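For the sequence shown, the positions run 2 to 156 when my numbering is used.
A virtual CB, placed ideally from N, CA and C, is assigned to each residue, including glycine.
Note that the structure is predicted; figures quoted are calculated from it, not measured.
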Amino acid sequence: MSFEAVLWATNDAPIANVNEFAVLTMLAEKADPDGCNAFPSRPTIAARTTVDPKTVLRALQAMEARGLIAQGDQRAAGYIRADRRPVVYDLLIPYSWFPNIDRINKERQERGRHPLTRSTRPDIAPAPEKKQRSQLLGRKRLRWEIRKPVACPWF
């Protein structure tokens, strides 16, 4: 578990909805301090976050499209049997967010990774605007009319 990744995911990540928050936080719990090598399976994420597996997939795809996460080094999960191996994700925590970048880069160097730079971890665009509920847009509220009961001929 990484304190830095969880802190970024829960406080500063530009998430679009509660499902993305749950999935990103779950990935952050399993990531290294620099946000790399998170590989819980989709069923595990779904079970721990109480989100449907298809919703987990949609959230992962949306976050990957917006640049919050990216597929990482798949060798990190190499010890898992190939037919059961999950996708390895990297949380793209911006370089400017890390208050202790020297320590993070030292840990990356010890693991044989390249150091983080501003070009490899640029700032992320803000979260998209939240959409209004479609039931309230452009529709007038229905007025319920009180109708007199109609006499049924068969009674």
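Residue i burial status per 10 Å Cβ neighbour count (16 or more: buried)
i	result
residue 79	exposed
residue 38	buried
residue 131	exposed
residue 35	buried
residue 76	exposed
residue 122	buried
residue 21	buried
Minimum C-alpha distance to residue i - residue among the options
i	options	result
residue 24	8, 33 and 51	51
residue 65	107, 30, 90 and 11	90
residue 61	42, 76, 75 and 114	42
residue 30	121, 10 and 21	10
residue 71	116, 45, 129 and 95	95
residue 118	107, 128 and 45	107
Own chain residues within Cβ distance below 8 Å of residue i, not counting five before or after
i	result
residue 13	98
Same chain, Cβ closer than 6 Å to residue i, neighbours up to 5 away in sequence not counted
i	result
residue 47	54 and 57
residue 32	3, 6, 39 and 92
residue 113	none
Paired residues, beta bridge with residue i - DSSP
i	result
residue 71	91
Using 8 Å as the cut-off, can you tell me whether the region 102-116 makes contact with the region 14-23, which would need three or more C-beta pairs spanning the two stretches below that distance? No, the region 102-116 is not in contact with the region 14-23.
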